[in-house]
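Residue numbers (our numbering), protein chains in the order written: chain A, 125 to 344; chain B, 429 to 645.
Note that CB positions come from ideal geometry on N, CA and C, so glycine has one too.
Every value quoted in this text rests on a predicted model; they were computed, and no experiment measured them.
For reference, the structure discussed in these notes is given below.
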Amino acid sequence: MYDSRAPYDKSAAMWSPDGELVQLSYARKASERGAAAVGMIIDKKTILLAGETLFDPLVVRPDKIQEIDEKLFLVASGLSTDSNLLIGQSRILAQQHRLIYGEKISVRALAQRLGDLMARHTIQGGLRPFGTALLLAGFNPVTNDAELFFVDNGGSYFAVNAYAAGSGNERVIESLRKEYKVGQPIENAKKLILQIVSSALGKKETLTEKDLEIRILTVE
Amino acid sequence: MNFPTNPLYDNINQNQIQGLKGTTGLALKFADGVILVADRRASMGTFVASKQAKKVHKLNEYTGMGIAGLVSDAQALVDLMRSELRLYHLENNFPPTIKVASSLLSTIMHGGYRRYQPWWVQLLVVGVDRRGAHVYTLGPDGSVSTEDYFAIGSGTLLAMGLLENSWKENLPQDKAKELAISALKVAIGRDSATGNGIDGLIYSIKTPEVEEINIDL
């Protein structure tokens with residue numbers, strides 16, 4: 125099939141006449157092929173993270189939700205090798221921050237550093253954009269309030285109350301827009317996420333916590 | 429460098445270094461905050477190179493830094509820290525703690541020390557943050573420690589003698605200010621590299637305003 129975007133997808137650092145970074149769009153597609161990931165701030169002290177782990181029964185179930193530092197977690201969706209690179213880099217950035225400043229890195233600062241790294245991969249020649257999108261969850265060191273950040277393949281990052289990455293992300297985000305409210309009981313939140321992800325992925329039966337790894341993060 | 433607390437003391441031929449040095453600076457915690465004072469003399473050997481040297485610096489609204497040692501190094505670190513703390517605040521969307529400031533300085537200074545290019549200074553990093561009042565002290569090797577009261581510079585032992593005897597926990601602000609000034613006056617009286625007046629800063633958790641001390645002697 126002829127793609128009208130050729131030849132502007134020849135380099136990640138090349139604009140199309142419409143102002144699109146075509147390789148970046150392809151990279152987003154790659155992350156949308158990854159397992160679904162959802163994050164949601166339940167209330168000021170509680171965050172829910174969820175990641176789909178429906179895989180081959182021959183493969184030992186991998187951990188979708190990764191610890192970066194104390195009370196700082198990351199869910200990556202997309203090409204797993206790219207995810208692993210970013211998870212490793214996040215852990216190094218977190219420890220570098222502790223060594224230099226003597227304090228834990230904040231979610232915002234980590235999102236910013238990862239965003240910078242990922243953005244560089246859309247500017248510099250010879251590199252390709254990361255095929256993975258990230259959700260970062262933790263707590264503000266000053267206010268202790270729950271914080272959730274989304275980092276896009278191109279490196280743009282923003283704070284969210286609830287967001288999704290990976291397969292069915294658009295439908296999940298659409299549902300979250302309608303259904304999200306602050307301060308619901310944890311059990312309700314879990315049920316809501318299971319429902320939303322199941323319908324977004326077009327599952328006949330609602331997923332259970334066996335198929336969707338769910339983790340509740342609390343401040344204390 | 430002519431103060432005995434410097435771990436490099438034995439290795440230094442004092443005549444080779446003709447930078448501006450000699451100081452007494454001290455900091456102490458009190459009930460609601462922290463006081464930082466220092467003298468105004470900068471010396472080159474026996475010559476009084478300045479009678480109005482500035483040795484207490486505001487890094488931001490709630491962090492102060494007292495310097496002793498090579499003046500050019502210390503001034504460079506003050507400028508660097510002002511920028512670094514502002515960048516940290518902007519990147520994180522919350523203010524850096526006093527611990528952040530002292531850890532970063534320690535990283536910088538230990539890096540220099542291990543590359544045979546030490547920052548020729550002793551520092552006091554003080555202030556109030558969300559965790560309360562703090563006094564940190566740093567050596568030219570990058571060592572850092574947190575203290576209730578501490579002195580730096582050539583008059584260290586003189587000032588510490590009085591502080592050791594008279595400092596108590598939870599002193600009221602006026603008594604603490606009195607103690608800081610009289611401890612510095614001991615050094616001014618008996619250390620030839622210390623003198624010409626007193627500058628100081630008082631950071632309190634009760635008020636966001638910094639109180640300045642300026643005494644001509």
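- Query: Contact between the segment 543–553 of chain B and the segment 616–627 of chain B: three or more CB pairs below 8 Å?
  - Reply: no
- Query: Starting from tyrosine 577 (chain B) and walking both ways along the beta strand (DSSP E), at which residues does that stretch end?
  - Reply: 577–581
- Item | Contact belief for isoleucine 338 (chain A) with isoleucine 317 (chain A) at Cβ below 8 Å, rounded distance in angstroms | 7 Å
- Straight-line CA distance for asparagine 312 (chain A) to valine 162 (chain A)? Taking the straight line joining both Cα atoms gives about 15 Å.
- Query: Does any C-beta atom of chain B lie closer than 7 Å to the C-beta of aspartate 133 (chain A)?
  - Reply: Not closer than 7 Å to any Cβ of chain B, the Cβ of aspartate 133 (chain A) fails to qualify, so no.
- Contact list for the segment 228–254 of chain A against chain B, Cβ threshold 8 Å: Ser230, Arg232, Ala233 and Gln236
- Message: I believe threonine 452 (chain B) touches alanine 470 (chain B) by the beta-carbon criterion, under 8 Å. Please report the beta-carbon distance rounded to the nearest angstrom.
- Response: Not confirmed; about 12 Å, so no contact.
- Residues of its chain near serine 140 (chain A), where Cβ-Cβ distance is below 7 Å and the 5 sequence neighbours each way are ignored: Arg129, Tyr132 and Val146
- Buried versus exposed, by CB contacts within 10 Å (16 or more), glutamine 248 (chain A): exposed
- Query: Which whole-angstrom value describes the C-beta separation of leucine 238 (chain A) and serine 214 (chain A), a residue pair presumed to lie in contact below a C-beta threshold of 8 Å?
  - Reply: 6 Å
- Task: Check whether the segment 242–256 of chain A touches the segment 214–229 of chain A, taking contact to mean three or more Cβ pairs, one atom from each stretch, closer than 8 Å.
- Result: no
- Item | Rounded C-alpha distance that separates threonine 474 (chain B) from histidine 517 (chain B) | 43 Å
- Task: Would you mind stating whether serine 291 (chain A) and isoleucine 320 (chain A) have Cβ atoms separated by less than 7 Å?
- Result: Cβ atoms of serine 291 (chain A) and isoleucine 320 (chain A): not closer than 7 Å.
- For tyrosine 281 (chain A) and chain B, any beta-carbon pair shorter than 7 Å? Answer no: the Cβ-Cβ gap between tyrosine 281 (chain A) and chain B never drops below 7 Å.
- So does glycine 473 (chain B) have its beta carbon nearer than 6 Å to some heavy atom of the ligand MN? Ligands are entirely absent from the displayed structure, and the ligand MN is therefore not among its contents.
- Task: Between the Cα of threonine 332 (chain A) and those of A:Phe282, A:Gly175 and A:Thr267, spot the shortest distance and give me the residue it belongs to.
- Result: A:Gly175
- Message: Quick check on leucine 508 (chain B) - is its C-beta less than 7 Å from some C-beta in chain A?
- Response: Closer than 7 Å: no.
- Residues near tyrosine 304 (chain A) in its chain [Cβ-Cβ closer than 8 Å; skip 5 each side]: Met164, Asn285 and Ala286
- Query: CB-CB under 6 Å to leucine 209 (chain A), same chain, minus the five flanking residues each way: which ones, in chain order?
  - Reply: none
- Where does tyrosine 490 (chain B) fall in DSSP's three states? Taken through DSSP and simplified to helix, strand or coil, tyrosine 490 (chain B) comes out as coil.
- Message: Let me see if you follow: with CB-CB separation under 7 Å, is asparagine 521 (chain B) close to chain A or not?
- Response: yes
- Item | Under 7 Å by beta carbon: chain A residues contacting valine 528 (chain B) | Tyr225, Gly226 and Glu227
- Query: Does the segment 571–583 of chain B come close enough to the segment 507–522 of chain B that 3 or more CB-CB pairs lie under 8 Å?
  - Reply: no
- Query: Does DSSP put serine 573 (chain B) in a helix, a strand or coil?
  - Reply: In the structure shown, serine 573 (chain B) sits in a strand (DSSP, three-state: E or B).
- glutamine 550 (chain B) - DSSP class collapsed to helix/strand/coil: DSSP places glutamine 550 (chain B) in strand when its eight states are reduced to three.
- Using a Cβ cut-off of 9 Å, which residues of the segment 263–278 of chain A contact any Cβ in chain B, in chain order? Asn264, Pro265, Val266 and Thr267
- Query: With 16 as the cutoff for other CB atoms within 10 Å, does threonine 584 (chain B) come out buried or exposed?
  - Reply: buried
- Message: For chain A, check one thing: does any of its Cβ atoms lie closer than 7 Å to the Cβ of threonine 535 (chain B)?
- Response: With respect to chain A, the C-beta atom of threonine 535 (chain B) has a partner C-beta closer than 7 Å.
- Where threonine 574 (chain B) meets chain A, residues with beta-carbon distance less than 9 Å: Correct list: empty, because the minimum Cβ distance to chain A is about 11 Å.
- C-alpha gap between leucine 234 (chain A) and tyrosine 577 (chain B), whole angstroms: 35 Å
- List the residues of chain A whose Cβ lies closer than 9 Å to the Cβ of leucine 532 (chain B), in chain order. Ile224, Tyr225 and Gly226
- Item | For lysine 527 (chain B) and glycine 226 (chain A), believed in contact at Cβ under 8 Å, the rounded distance | 5 Å
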